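Enquirer:
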Amino acid sequence: MDWWELLRGLDDPEHMEFPADYDHSETRARFDLLVEELDKAFTCRCRADRQVQDASHHGDVLVPAAHTAGGEQIIIRVSNFGDLAVYSPGNLGQYLDAEKPLPAEDRRRVEGALNELGYRMVPEDLLHARYDGRSPLARYYPPEHPPTWFVRFFDYL
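This note's numbering puts the sequence shown at residues 1207 to 1363.
(1) In the DSSP assignment, what residue or residues form a beta bridge with SER1262?
(2) To test your reading of the DSSP string, which unbroken alpha helix (DSSP H) runs of 4 or more residues are found completely within the stretch 1292-1335?
(3) Check ALA1254 in the structure and name its three-state DSSP category.
(4) By Cβ distance, which residues of its chain are closer than 7 angstroms to PRO1219, with the 5 residues on each side in sequence left out?
(5) Can you say whether HIS1230 is buried or exposed, counting buried as having 16 or more other CB atoms within 10 angstroms of its CB?
(6) Helix, strand or coil: how does DSSP classify TYR1346 here?
(7) Helix or strand or just coil, what does DSSP make of THR1274?
(8) Quick check: what's the CA-CA separation for PRO1353 versus ASN1297?
(9) So for LEU1363, helix, strand or coil by DSSP?
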């Protein structure tokens, strides 16, 4: 998959928080199914943040550390754009993709739930590149702290 082509294609300068064809009810129902799938996969009750506003992402799911094979919480974040999702042990941005201490069992469970519902898992390292897209996002940041593609699709605006 050409991630840059996908991200640039989703980068609508007129719609910062969600795409023009965004359906909140559909997105929420799918997010709720993801929480259910993760609850089953990790045999626990995962915490979900559904109160996201002024952001380009829909919500977060946190798998408690006590229920992971790696002994560290796992966070899964779902974007409002293009069925995109990212996940990481600990916190997003804490590890480079190649260094994420995620046991195969945890990776299989997270990716299984995301794949089951048609989410596309974006390599987190890619998202930390400086944002150079079409939206006015960069205007709101000082040059010494420019936004990233993570901000564009997975953060508060």
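Ideal Cβ positions, reconstructed from N, Cα and C, are used throughout, including at glycine.
Nothing here was measured: the structure is a model prediction, and the numbers come from that model.
Expert: Concretely, from the data shown:
(1) According to DSSP, SER1262 bridges with nothing at all.
(2) 1310-1322 and 1330-1333
(3) strand
(4) ARG1340, SER1341 and PRO1342
(5) exposed
(6) helix
(7) coil
(8) 19 angstroms
(9) coil
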